[in-house]
Structures are given as C-alpha cells and as structure tokens.
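Asks: Numbering (the numbering used here), first residue to last: 672 to 964. Backbone N, C-alpha and C fix where the C-beta goes; we use that ideal spot for every residue, glycine too. Sending over a structure as structure tokens; questions will come in a sec.
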C-alpha cells in the first residue's frame, strides 16, 4: 500500500510569512494525500492517528510548516512488508537568515502498543510513547506482524529569521493550534505565558528574550552611526570614519567591512539536530545540525 503521508512535509518559511503546513513536494504533480477511510477500505490497515506533528516546523520569525504524524496498524492480516526509503533524516531542511531547521523524517515500530486502548483513548503525544518504539533504518525492507503498530513522521520546513523576532501573538496561535509546545515557545521563541493560561506575560517574555540574546552574545560593540541603511533583515551597512562596515541590525555589533563576507565573521556554534530543530522529542545523538546564533 502507498503511504503518501511521508512526503507531505512542511514547506519552508517565506521571507514574509509562515511555510505551508503538511504540504506536498513541489515536484510531485497533482499530489494528494490519501483519505483515511479510502485507504482502510482498500488495504488491510486501520489508522490510529494522522495529525500535525507538533514542534516539527523550524523556528523563526516566520515558522517553517509543520509535518505530519501517522500511526497505522495491520487489520485482519498476519503481517505486512514495507519497502522503506527515507530522506532528510540526518540532514534536515535548513532554515534561512537565522531560522532553525525543521524536524526530520522518522519511522518507528511499536510492539507493545495497546491498540484497543489507543482506538478508544488515542495514542497520546509521541514523546510519551517513544520509549515503546524502535527506530527503523531509513532504507530497509520492514516486516511487521499483526500486533505491531508503525509510526512515521514527515519533515518540517525550515524557519526564516530570528525566532526571537516572531510576534508573540503568532506564537500563541501556534501553541493553541498545537503546532508548537509551550516548552518550545519559551525555549526557542522566548515567549512566556502566565501560569495555566495562554495569555502572554509581556514582562517575562521581554526578560526571557533578553536572557537568550545575552547568552548568544557575551559582548557587543556599539558604533557611532553617520549614515546607515538596511541590507536585508539583519544586516546594516553603516559608514564610519574607517569606511563602510556591516553590522547586526538588532544589537549593532559590527561584523566586517563591506568587502568581506560577514558570515565568516559571525560567531557560531555547532549543535545537534535535537538542539536546533523545534522538536519536543528527546532524541539525543540521532541528529546533527549547525546554525548561526
């Protein structure tokens, strides 16, 4: 059976708006994700869930589109074979202009899932049942028996721009729609909610964002401006006595002279994928990534 949910990943963020959520590949003409009831009628399977995969969209001023989470189990059959080919598991969809990468594709098999309970109560959040799941190789022939459950996620799109510059109202909406968790709203976007509510605590949010910025940059140098102009969302071209320099539009720290590549002058830190992507799962050691702070 074709499981097309795997290629229904999130689209990358634009320079002016969020990416498309659970969208198809642009190169796939007339793509359509199969209807659950149609698939269950045509194949010996039933779906435990198919929904947006929370925290899979790359964080940014404009968020990358979220991917999907699907759980499928065999139905009235002794077992099934799957020919599995994944991409973007180790190399995520990159962000742009300070945006974080999106979450990767994954495929798991669960052998201890109480399917009858899951049908009645739902499977819950993936991070809750992750200890019961076994990660499958990205390229393999997989055989499952009648009691197994397969879980798979599609990738999320990369974000655009610094997450700390995202409008807190949009972060609140993402949390309400379960695109972003409360924990990642604070950790990546610096948005703090009042206890027990989704009302943004403006004072604490400002303090949290200042704290994150201070952690990124331990020191900064402010230059005296003579003539300045924006050269993109984060770079200012400023004329000084020494000549035209490129500096950060937020903290005004100088990067380099105009004839140098400012990206080579920006401090950076290499991080694992679980530290950079907007993922709520604790999958340490499985991924890697690199971003500018």
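1) Mark residue 732 as exposed unless 16 or more other C-beta atoms lie within 10 angstroms of its C-beta, in which case mark it buried.
2) Span of the beta strand (DSSP E) holding residue 918?
3) In whole angstroms, what separates the C-alpha of residue 694 from that of residue 760?
4) Can you look up residue 762 in the DSSP assignment and give me helix, strand or coil?
5) On the DSSP bridge assignment, give the partners of residue 752 in chain order.
6) Mind checking whether the beta-carbon of residue 685 lies closer than 7 Å to any heavy atom of the ligand ATP?
7) Are residue 676 and residue 739 closer than 8 Å when you measure CB to CB?
8) Which value, in whole angstroms, describes the spacing of the CA atoms of residue 818 and residue 849?
9) Am I right that residue 781 and residue 804 are in contact with their C-beta atoms under 8 Å? What's the rounded C-beta distance?
10) Do three or more CB pairs link the region 792-801 to the region 718-729 at distances below 8 Å?
11) Which residues mark the beginning and the end of the alpha helix (DSSP H) in which residue 877 is found?
12) Taking buried to mean at least 16 other C-beta atoms within 10 Å of its own C-beta, is residue 734 buried or exposed?
13) Taking buried to mean at least 16 other C-beta atoms within 10 Å of its own C-beta, is residue 844 buried or exposed?
14) Could you name the residues that DSSP lists as bridge partners for residue 742?
15) To the nearest angstrom, report how far apart residue 773 and residue 830 are at their CA atoms.
16) Which value, in whole angstroms, describes the spacing of the CA atoms of residue 861 and residue 687?
17) Out of 777, 821, 820, 769, point me to the one whose CA is closest to residue 756's CA.
18) Could you check what DSSP says for residue 859 in three-state terms: helix, strand or coil?
19) Judging by CA-CA distance, which residue of 710, 741, 746 is the nearest neighbour of residue 824?
20) Does DSSP classify residue 807 as helix, strand or coil?
21) Closer than 7 Å by C-beta to residue 856: which residues in its own chain qualify, once you throw out the five before and the five after it? Chain order, please.
22) According to DSSP, simplified to helix, strand and coil, what is residue 935?
23) Where does residue 910 fall in DSSP's three states?
24) Using a Cβ-Cβ cut-off of 7 Å (strictly less than) and excluding sequence neighbours within five positions of residue 853, which residues of its own chain qualify?
Replies: Quick answer:
1) Here residue 732 corresponds to residue number 61 of the chain shown, with the count starting at 1. With 16 or more other Cβ atoms within 10 Å, it is buried.
2) Locating residue 918 in the chain shown gives position 247, where the first residue counts as 1. Per DSSP, residue 918 is one residue of the beta strand (DSSP E) stretching across 914-919.
3) On the chain shown, position 23 is the one that residue 694 refers to. On the chain shown, position 89 is the one that residue 760 refers to. Cα to Cα, residue 694 sits roughly 18 Å from residue 760.
4) As a first step, residue 762 must be located in the chain shown, where it is residue number 91. Coil at residue 762, not helix or strand.
5) Numbered from 1 along the chain shown, position 81 holds the residue referred to as residue 752. Residue pairing by DSSP places residue 752 opposite 814 in a beta bridge.
6) Looking for the ligand ATP in the displayed structure turns up nothing, as the structure carries no ligands at all.
7) As a working note, residue 676 is residue 5 in the chain shown. As a working note, residue 739 is residue 68 in the chain shown. Cβ atoms of residue 676 and residue 739: closer than 8 Å.
8) Stepping through the chain shown from its first residue, residue 818 is reached at position 147. Stepping through the chain shown from its first residue, residue 849 is reached at position 178. Rounded to the nearest angstrom, the two C-alpha atoms are 29 Å apart.
9) Position 110 of the chain shown, counting from 1, holds the residue named residue 781. Position 133 of the chain shown, counting from 1, holds the residue named residue 804. Contact between residue 781 and residue 804 holds: CB atoms are separated by about 5 Å, below the 8 Å threshold.
10) A contact exists between the region 792-801 and the region 718-729.
11) Reading the chain shown from its first residue, position 206 is the one you call residue 877. Following the DSSP letters along the chain, one finds residue 877 inside the alpha helix (DSSP H) bounded by residues 873-887.
12) Sequence index remark: in the chain shown, residue 734 carries index 63 (1-based). With a 10 Å radius around the Cβ and a threshold of 16 neighbouring Cβ atoms, residue 734 comes out buried.
13) Translated into the one-based positions of the chain shown, residue 844 becomes position 173. Looking at its Cβ environment, which holds fewer than 16 other Cβ atoms inside 10 Å, residue 844 is exposed.
14) The sequence position of residue 742 within the chain shown is 71, counting from 1. Bridge partners of residue 742: 720, 822.
15) By 1-based counting over the chain shown, the position of residue 773 is 102. By 1-based counting over the chain shown, the position of residue 830 is 159. Straight-line Cα distance between these residues: approximately 7 Å.
16) Taking the chain shown and counting its residues from 1, one reaches residue 861 at position 190. Taking the chain shown and counting its residues from 1, one reaches residue 687 at position 16. Rounded to the nearest angstrom, the two C-alpha atoms are 20 Å apart.
17) Position 85 of the chain shown holds residue 756. For the residues 777, 821, 820, 769, the minimum Cα distance to residue 756 belongs to 777.
18) One-based indexing of the chain shown puts residue 859 at position 188. Three-state result, residue 859: helix.
19) In the chain shown, the residue the question calls residue 824 occupies position 153. With distances taken between CA atoms, residue 824 lies nearest to 741 out of 710, 741, 746.
20) Taking the first residue of the chain shown as 1, we reach residue 807 at position 136. Reduced to three states, the DSSP call for residue 807 is coil.
21) On the chain shown, residue 856 is found 185 positions in, with the first residue counted as 1. Taken in chain order, the residues that qualify are 842, 846, 862.
22) Within the chain shown, the letter at position 264 stands for residue 935. The three-state secondary structure of residue 935, taken from DSSP, is helix.
23) Along the chain shown, one-based indexing puts residue 910 at 239. In this structure, residue 910 counts as strand in the three-state DSSP scheme.
24) Taking the chain shown and counting its residues from 1, one reaches residue 853 at position 182. 846, 864, listed in sequence order.
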